[in-house]
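Heads up: the structure comes next, in structure tokens.
2 protein chains.
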Amino acid sequence: MNSAEIIEKLKQKGLRITPQRVAVFQAVYHLKNHPTADNIISNIKINHPYISVGTVYKVLDSLVESSLLKKVKTENGTMRYDPVLSKHHHLYCEETDRIEDYEDLELDKMIEEYFMDKKIENFKITDIKLQITGKFKTQ
Amino acid sequence: MNSAEIIEKLKQKGLRITPQRVAVFQAVYHLKNHPTADNIISNIKINHPYISVGTVYKVLDSLVESSLLKKVKTENGTMRYDPVLSKHHHLYCEETDRIEDYEDLELDKMIEEYFMDKKIENFKITDIKLQITGKFKTQ
DNA sequence: TGTTATATGAGAATGATTCTGTTTTAAGAA
DNA sequence: TTCTTAAAACAGAATCATTCTCATATAACA
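Sequences listed follow chains U and C, in order.
This note's numbering puts the first sequence at residues 1164 to 1302.
This note's numbering puts the second sequence at residues 1164 to 1302.
Structure representation (structure tokens):
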């Protein structure tokens, strides 16, 4: 994901193009495994030493607001950020703090069909996400 | 859930019986809808004005550790506590911060069977929880 | 009833995130 | 290109939930 592509995405969402927004968005793409705000700040500071913490949080919020990123909450309560690619669930490792995306269209379809039949009383579903906990096998 | 029952549960888990533990556990049962630590503290202080914040957190941790409570993380990052009754999922209201339990054995069975066949590469599942987001209908 | 490991209390410390007030800048208008 | 202005960024203070520290108190068992 190069700067031109990022700028294009920001424009599509009607966001003003600022070096900080480009840098934050690029950092989230560059850092794999759902970086925390802190990861992102450290990464950006390498090339952009004077960016301020508040700005990074505000940029992240605006990117989430524009559906360019998703905010993922972790077990210990800190937020992580995730580029929006497609619907996916998360695999949480019990031993490390690794989180992996898990896409499974067949599963999504099965669950969707299940809830077409079986309604939850007084509740209108907009989204279902699975938190799959377990352990990554050492390979 | 009266004190005697709570004491019994604590004993079963080999926890020392203290008034603070009893009060915290009782508060979680008494306060419906997955109280926060802060909700619990306020509730306890009515009858137990000198309990300290750190103690409540430590008691909550030990109850979670002993599987008497579960810790649930919310969208905004604060933790909520939930008496362990049986396997259940959560309904999150998009508009309010209401969280409801959702039990569905049929759904659990369907998902379990699904993952008996379809393995996730390099990952051993220990638990699957659904976060069902949506809106409670006004009745 | 005494002993001791464990729990509690008070408040300081931490860490993530948000807020405040001021300065800067992107982007459209002239 | 230059001007204008709303929006964005900056620095750092403030906030909020949670954890830590360490001195004191107490549950549980001998």
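Every residue gets a Cβ at the ideal spot worked out from N, C-alpha and C, and that includes glycine.
Sequence-distant residues of its chain with Cβ nearer than 6 Å to residue i (five each side left out)
| i | result |
| --- | --- |
| C/I1207 | A1186, A1190, I1214 |
| U/K1292 | H1252 |
| U/D1224 | none |
| C/L1254 | E1263, Y1265, I1295 |
Three-way DSSP call (helix, strand, coil) for residue i in this model
| i | result |
| --- | --- |
| C/V1222 | helix |
| U/I1295 | strand |
| U/I1169 | helix |
| C/K1236 | strand |
| C/Y1213 | coil |
| U/I1274 | helix |
| C/P1246 | strand |
| C/L1254 | strand |
| C/K1174 | helix |
| U/I1180 | coil |
| U/K1208 | helix |
| U/D1264 | strand |
| U/I1203 | helix |
Contacting residues, own chain, Cβ-Cβ under 7 Å from residue i (five flanking each side not counted)
| i | result |
| --- | --- |
| C/E1258 | K1298 |
| C/P1246 | V1191, Y1192, L1232 |
| C/I1169 | V1185, F1188, Q1189 |
| C/S1230 | V1247 |
| C/K1234 | V1227, M1242, Y1244 |
| U/I1274 | I1291 |
Residue i: CB within 7 Å of a non-hydrogen atom of the ligand MG
| i | result |
| --- | --- |
| U/L1173 | This structure simply doesn't include the ligand MG, nor any ligand for that matter. |
Supposed contact pair residue j and residue i - C-beta distance, whole angstroms, cut 8 Å
| i | j | result |
| --- | --- | --- |
| U/I1203 | U/V1219 | 6 Å |
| U/H1197 | U/Y1244 | 7 Å |
| U/K1236 | C/G1240 | 6 Å |
Test item: CB-CB of residue i and residue j under 8 Å
| i | j | result |
| --- | --- | --- |
| U/T1199 | U/M1164 | no |
| U/Y1277 | C/L1268 | no |
| U/K1174 | U/I1180 | yes |
| C/V1222 | C/Q1183 | yes |
Selection from the options that minimises the alpha carbon distance to residue i
| i | options | result |
| --- | --- | --- |
| U/K1282 | C/I1274, C/Y1265, C/E1284, C/D1280 | C/Y1265 |
| U/G1177 | U/E1228, U/S1205, U/N1196 | U/E1228 |
| C/E1284 | U/R1261, U/T1237, U/T1301 | U/T1301 |
| C/D1290 | U/K1234, U/K1250, U/C1256 | U/C1256 |
| U/R1261 | U/E1238, U/I1288, U/K1250, U/F1286 | U/E1238 |
Own chain residues within Cβ distance below 8 Å of residue i, not counting five before or after
| i | result |
| --- | --- |
| C/S1166 | V1185, Q1189 |
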